[in-house]
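The block underneath contains the structure these notes are about, expressed in structure tokens.
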Amino acid sequence: MSSKNSNKINVPEARAAMDKFKMEAAAEVGVNLKEGYNGDLTSREAGSVGGQMVKKMIESYEKNL
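Take the sequence shown: its position 1, counting from 1, is numbered 77 in our numbering, and each next residue is one higher.
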């Protein structure tokens, strides 16, 4: 199998906004993220950050309907 990273931001200018959004979501769930590599996070911590981001995106979408 080829290992292709599909985790790309389609609009490069959005990277800073996504990083800020990720940091805010991490702070809300009590996960201490640092700039750059965060490979020392547990799966639970990483999942809670991602889950919070998805939750906030869904709430935003529903609010704008």
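Glycine included, C-beta positions come from ideal geometry on N, C-alpha and C. Keep in mind the model is a prediction, meaning the values are calculated, not measured.
Quick check: the Cα distance between residue i and residue j, rounded to an integer number of angstroms?
i      : j      : result
Ala92  : Lys139 : 24 Å
Asn108 : Ser136 : 24 Å
Leaving out the 5 sequence neighbours to the left and right, which residues in its chain are closer than 7 Å to residue i when beta-carbon positions are compared?
i      : result
Val94  : The sequence given here places Met at residue 94; Val does not occur at that position. Around Met94: Ile85.
Val105 : Ser124, Val125 and Gln128
Leu141 : none
Mapping the DSSP letters down to three states, classify residue i as helix, strand or coil.
i      : result
Val130 : helix
Asp116 : coil
Lys110 : coil
Lys84  : coil
So, for residue i: in the same chain, excluding its five sequence neighbours on each side, which residues have a beta-carbon less than 6 Å away from its beta-carbon?
i      : result
Glu121 : Val107
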